[in-house]
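Here's the structure we're looking at; comments come further down.
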Amino acid sequence: MNTKVFETPIEYLKGVGLHRAEILKKELQVFNFSDLLNYFPYKYIDRTRFYKIRDIQPDLPYVQVLARLTHKEIIGEKRSSRLVAQAQDDTGLIELVWFQGVKWIEKTLIPGKVYVLFGKPTFFNGKVQMAHPEMELYSTEVQQRKGNLTLQPAYNSTEKLKQFSLDSKGIMKLVAALLEQQLHDIHENLPLYIINQFKLTGRAEAYKNIHFPDNSTKLNEAQYRLKFEELFFLQLKLLKNKLLHTQKFKGNIFDTIGEIFNAFYHHKLPFPLTNAQKRVLKEIRLDTQRGVQMNRLLQGDVGSGKTVVALMSMLIAIDNGFQTCIMAPTEILANQHYQTIKELVGDDFIEVGLLTGSTKQKDRNVLHQKLESGQLKILIGTHALIEDKVQYKNLGFVVIDEQHRFGVEQRAKLWRKNTIPPHILVMTATPIPRTLAMTLYGDLDISVIDELPAGRKPIQTVHYYENQRLAMFGFMKREIAKGRQVYIVYPLIQESEKLDLKNLMDGIEVMAHEFPLPQYRISIVHGKLKAAEKQFEMNRFIKGETQIMVATTVIEVGVNIPNASVMIIENAERFGLSQLHQLRGRVGRGAEQSFCILMSSHKLSHDGKIRLNTMVKTNNGFEIAETDLQLRGPGNIEGTQQSGVLDLKVANLVTDQELLIKVRKCVESIFEKDPQLASPENLILHSSFKTKQDGLTWDKIS
Ligand code: ADP
Ligand code: MG
C-alpha cells in the first residue's frame, strides 16, 4: 500500500478489538489493514438472477428464488421442534425448513406474500428443499434493485473464527467497514500511461469491486487489474534484479573465436549442429562479449544435445585464455561427461581432467598443480571441484549440469574462485513451461533447445494394463533376442519403503521365472544397496553382461546406455509426469527404435489417466511440462517447491499465462526505455518499489 494507514494494526479497525484481532492474526495472518484488504473472497454468490423452482438442480451452490409463501407450520415439541413452510412459483413448489429460531421466524412469515428466498438447495424425496433460507419480502424496493442486484462475496473462515462471529458474513462486515473508512486512501501505484494502455480499472475501484462487485463485468475488471498489478510488480522486481546483477558483476570478455574452436568445429564435430543448437551458441556468444557475467539457464529435453553446446562454449573460453569446468551431480554422470567429452575432442587435441570423490590423492595432486599453472583447460567433476583446495589459474566458464541438485552456496563458492566471476551456464533436462520459467528464473537469461537432432527415432510409448503382462514379456523377449537391453522400473514411495521393496522383490521373482538363466541375466539396483554394489550392478548392465535391469527410481538421471532401448515402468500411474518423462529419456539414445511401456492397474484416477495418455501422445518435454502444470498447479512442479515467487494472491500461473506474457513484455519495455525508472511518468513506480514489502526469496544462480 502506498500510505502508512494500511499498516495500522487490525485491532484498530472498528468492530475488531483485541480478541478478534488475535484470532484474525492467528487464523488468517491478517495483521493490519492491508492484510484484510488483500483477503479476497474465494467465490461470489450470484444474487443477480432468480431461478425458477423447476430449474433448480442438485449441484447448484446457492440459488435465489421468487415465490409465494403458501404454508407454515411448527412441527414437534420444544427442543426438537422445527419450522416447515412451503412456497410456490408458477413452475413448482419448494419446501423451507428451520431448526433454530423457530418461534421467532414463524412470526415474521406471512402466508400469501411473495418472498425473495435465498439459500443452498437440497433434494429430499424428490422435493426441492432449502434449510435456513434468507427471506426478504418482495417489495417495490427490491423490484427497483432487481436490475442491479450484486454478487455476494464469500470468504474462507475457520471454526475458531466462527466462534468469534467471524464467519464469511462477519468477515464481510469487517471488509465493508474498512473500505468505507479507508477507500480514499487507496492510491494508484501504476503509471497513467500503463493504465491507459491496458485499459485498467483504477486501484481503489478495483479493491472495492473485488470485495463488493456491482456486477460480473466489474468483478472481472477488478480481478484483471489486481492480477496485472501483482504480476507487474513481481516482474519489475525480477527484471530490476537482473539489471542490478549486470551492473554489479563484470564478466570476462571472450572476443575471439580462435584456433581451438575452429579446429573442433571444422575437423572434429561429428555431426551438423541443429538450428536450435546454433541459436543457443549464438546467444551464449553474445552474452560472453558484453563484459557482464553471464547467468544462463539452458533448457533442453534429454537427448537434445546440450553437451556439445556446452563444450563448444568452453572452447571459446579456452581460445580466450581461460580455464573451464563442468560440474555434474553424481560420479556416474561426471564419468560419463568425461568419456563423452574426451571422445569428442580426441586425445591429441586438448587435455581433459576428471576430479571426483574417488580420484586418488596422487592424481589429485597432479590435477591441482595443472590447474594452478593453467595447463589444464577442461576439468570435469562432481562438487569435488569446488573444494577450497582446488585453485584455478583463470577459471572463466562454468557449466553446471542438472541444477536442482546443487545448492546456492555451492554455486557461489564456484565463482568466488576468481576476482571476475566466471560465466555460468546451467543445463537442465527438466523443461519447465515458459511462463513458469519467466517467474521462477525471471532474473536469468534462458536458452531453449527445442529441437532434436535429425534422424532421431521418436520413442514409441504404449500403455498396458495388468492383463497384458504376458504380451509385455513376449515383447521383451523379442527385443532381447535382437540384442537390446531392457529397464524395468518400480516406483519408490518413501512412506511405504518396505512395501515397495516387496513389490520389487516379487517382481524380480516373476522375472527370474519368466526369464531364466543362462540366456537372461538381470541386474538389480535399489536404494537398499551400498554404493559399491549399485555401481557393480550398473556396470554389468553398461558392459552388456546383463540384459535386464530391474530398478527403483534410483537409476541415475542422465545415464547413457545407447543399447538399452526398452523402458518398462511398473505402476506407472504412481509416477508424476515429469518423472515418467525423465525415466523414458533413459532410452532412445542409440540408433535403434526405442520403446516405453507403461504398466498400470485398471484402477486409474482421472489425473492418472491424463498422465498416461499424455505420455503415449507426445515425446515433447515442454508439452508434458505444460500438462503437468495444468494438472498439479505451479507449486508442485519439480524444483519450484521452496520458491516464494509462486505464492500469488490473485494471479494464477496456469490460467493467467497470457496476461503474464503481456506484463513481462510491458515491464521489459519500461526498463529498455528507462532503466533507472527516472522519467517523471515512472516515478510512481520507484516509490512503490521502495515500500512494497514482498518478501521474495528465490535463489539466484550465482
Ligand atoms: P542431452 O541434451 O540430453 O545432454 P547429449 O548432449 O547427451 O544430450 O546428446 C545426446 C546425443 O546426441 C549424443 O550422443 C550426442 O553426440 C548426439 N548429438 C548431439 N547433437 C547432435 C546433432 N546436432 N546431430 C546428431 N547428433 C547429435
Ligand atoms: Mg546430458
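Count the sequence shown with full-length UniProt numbering and you get residues 1 to 702, in order.
Just so you know, even glycine gets a beta-carbon here, dropped at the ideal spot from N, CA and C.
Asked, Found
"Lys534, buried or exposed, once every other Cβ within 10 Å from all chains shown has been counted against 16", "buried"
"Assigned secondary structure, Asn32 (DSSP; H/G/I helix, E/B strand, else coil)", "strand"
"Residue range of the unbroken alpha helix (DSSP H) whose run includes Lys72", "Where Lys72 is concerned, there is no enclosing alpha helix (DSSP H), although the beta strand (DSSP E) it sits in stretches over 63-75."
"Contact under 8 Å by Cβ, Val399 with Leu425", "yes"
"Heavy atom of the ligand ADP within 7 Å of Ala591 beta-carbon", "no"
"Reduced DSSP category for Asp301 - H, G, I as helix; E, B as strand; rest coil", "coil"
"Residue closest to Tyr490, alpha-carbon to alpha-carbon, out of Arg364, Leu234, Glu570, Ala276", "Glu570"
"Meets three-Cβ-pair contact criterion under 8 Å: the segment 109-124 and the segment 57-69", "yes"
"Residues near Ser157 in its chain [Cβ-Cβ closer than 7 Å; skip 5 each side]", "Leu166, Asp167, Ser168, Ile171"
"Counted within 10 angstroms of its Cβ, other Cβ atoms place Ser702 as buried (16 or more) or exposed", "Residue placement at Ser702 is poorly supported in this model, since its pLDDT is 35, which falls under 50; the coordinates still yield a value, given next. Classification for Ser702: buried."
"Lys268 Cβ short of 7 Å to the ligand ADP heavy atom set", "no"
"Distance cut-off 7 Å: Gln277 Cβ against heavy atoms of the ligand ADP", "yes"
"Short CB-CB distance (under 8 Å) between Leu311 and chain D", "This model lacks chain D altogether; it includes just one protein chain."
"Beta-carbon proximity of Asp301 to Ala429, cut-off 8 Å", "yes"
"Element boundaries [alpha helix (DSSP H), containing Gly170]", "168-182"
"Residue range of the beta strand (DSSP E) that includes Leu238", "Note, Leu238: premise wrong, no beta strand (DSSP E); alpha helix (DSSP H) at 216-248."
"Ile446 - containing beta strand (DSSP E), residue span", "445-449"
"For Lys673, the three-state DSSP class (helix, strand or coil)", "helix"
"Reference Glu180, options Phe212, Ile380, Glu159, Tyr193, closest by Cα", "Phe212"
"Runs of alpha helix (DSSP H) lying entirely within the segment 548-627, each at least 4 residues, in chain order", "577-584, 606-617"
"Beta-carbon contacts of Met476 that lie in its chain and below 6 Å, excluding the five residues immediately before and after", "Val486"
"For Thr461, the residue or residues it bridges with in DSSP", "Cys596"
"Which of helix, strand or coil DSSP assigns to Gly346", "coil"
"Whole-number beta carbon distance between Lys250 and Ile420, since they are thought to touch under 8 Å", "5 Å"
"Delimiting residues of the alpha helix (DSSP H) encompassing Leu311", "306-319"
"Thr430 CB to nearest heavy atom of the ligand ADP below 7 Å", "no"
"Residues that DSSP places opposite Phe254 in a beta bridge", "For Phe254, which the question treats as bridged, DSSP gives no partner whatsoever."
"Any non-hydrogen atom of the ligand ADP within 7 Å of Leu583 CB", "no"
"Alpha-carbon to alpha-carbon, Thr340 and Gln468", "39 Å"
"Neighbourhood of Lys43 by C-beta, 7 Å cutoff - its chain only, sequence neighbours within 5 removed", "Ala154"
"Reference Pro58, options Leu18, Gly608, Trp98, Val128, closest by Cα", "Val128"
"Rounded C-alpha distance that separates Met511 from Ile488", "10 Å"
"Residue 704 versus Phe233, Phe271, Leu315, residue with shortest Cα-Cα distance", "As displayed, the chain neither begins before 1 nor continues past 702, which places residue 704 out of reach and without an answer."
"Classification of Val408 by the beta-carbon crowding that lies within 10 angstroms, buried from 16 upward", "Annotation note: pLDDT 49 at Val408 (below 50); position unreliable, no value reported."
"Cutoff 6 Å; reference Thr553; Cβ partners in own chain excluding five residues on either side", "Leu492"
"Inter-residue spacing [alpha-carbon to alpha-carbon] between Lys338 and Asp363", "Going by the sequence as given, residue 338 is Tyr instead of Lys. Rounded to whole angstroms, Tyr338 to Asp363 spans 15 Å at the Cα level."
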